[in-house]
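Asks: Residue numbers (the UniProt record's numbering): 1 to 182. Glycine included, C-beta positions come from ideal geometry on N, C-alpha and C. Values in this document were obtained by computation on a predicted structure and should not be read as measured data.
This is the structure we're talking about:
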């Protein structure tokens, strides 16, 4: 399995967002929910309409902890529009292949959806896990709070978390470049 990276700039996000917007509303919402919450792909595919519709926050299970994570106005609107013809006990992301499917899409399908989109948009090393990594990358960029990010992700090692969000050698090199001699 290849290592996937987060999307690290708004242009890449806009490119994929436009791609999914043109493709279908399910994948568009999946992408937006994935990059705006700390949820893993296996958690996203298990969501039901009742978990997110008319909610201002979403329940995210991290290890043994339960976190209520806010849903922004944009996400709330996407959810509301997407769920107009859905029942509350429906899976949020149902399979489109089988007409009368009551099953959610699989993690493999999510990976394929994201990977195909990224290839069509000429983006490399992007897959299903890139959604959560993108959230994590921008969370860290905005807050610089590695400890709270580690809690959100249920990580126990700071180095691992920095690697996870793509802040590895380049991160350290940038810090050294700004270093002033004493």
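1) The beta strand (DSSP E) that contains residue 67, what's its start and end?
2) Where does residue 45 fall in DSSP's three states?
3) Nearest to residue 132 by alpha carbon, out of 3, 13 and 36?
4) Can you tell me where the beta strand (DSSP E) with residue 57 in it begins and where it stops?
5) Within 8 Å, do at least three Cβ pairs link the region 145 to 164 to the region 52 to 67?
6) Going straight from the alpha carbon of residue 57 to that of residue 73, what length do you get?
7) In terms of residues, what are the limits of the alpha helix (DSSP H) holding residue 28?
8) So which of 85, 26 and 45 has the shortest CA-CA distance to residue 105?
9) Using the rule of at least 16 other Cβ atoms within 10 Å of the residue's Cβ for burial, across every protein chain shown, is residue 103 buried or exposed?
10) List the endpoints of the continuous alpha helix (DSSP H) containing residue 160.
11) By Cβ distance below 7 Å, which residues in the same chain neighbour residue 69 in space, the five residues on each side in sequence not counted?
12) Quick check: residue 53 and residue 83, are their CB atoms within less than 8 Å of each other?
13) What's the C-alpha gap between residue 25 and residue 163?
14) Just mark residue 22 as buried or exposed, buried being the case when its beta carbon has 16 or more other beta carbons within 10 Å.
15) Alpha carbon to alpha carbon, what distance is there between residue 91 and residue 47?
16) Throw me the rounded Cβ distance for the residue 107 and residue 128 pair, which I believe falls under 8 Å.
Replies: Taking the structure as given:
1) In the DSSP assignment, residue 67 falls within the unbroken beta strand (DSSP E) covering 65 to 70.
2) The DSSP-derived three-state label of residue 45 is coil.
3) Minimum Cα distance to residue 132 is reached at 36.
4) Run containing residue 57: 57 to 62, per the beta strand (DSSP E) assignment.
5) Segments in contact, yes.
6) Counting only the Cα atoms, residue 73 lies some 11 Å from residue 57.
7) Secondary structure note for residue 28: its alpha helix (DSSP H) is the uninterrupted segment 25 to 35.
8) When the alpha-carbon of residue 105 is set against those of 85, 26 and 45, the nearest one is in 45.
9) Exposed.
10) 158 to 164 is the extent of the alpha helix (DSSP H) around residue 160.
11) Result list for residue 69: 37, 38, 57, 58 and 60, in chain order.
12) Contact: yes.
13) Between residue 25 and residue 163, the C-alpha separation is close to 32 Å.
14) By the 10 Å Cβ count, residue 22 comes out exposed.
15) The alpha-carbon atoms of residue 47 and residue 91 are separated by roughly 6 Å.
16) Residue 128 and residue 107 do touch by the CB rule: their CB atoms are close to 7 Å apart, below 8 Å.
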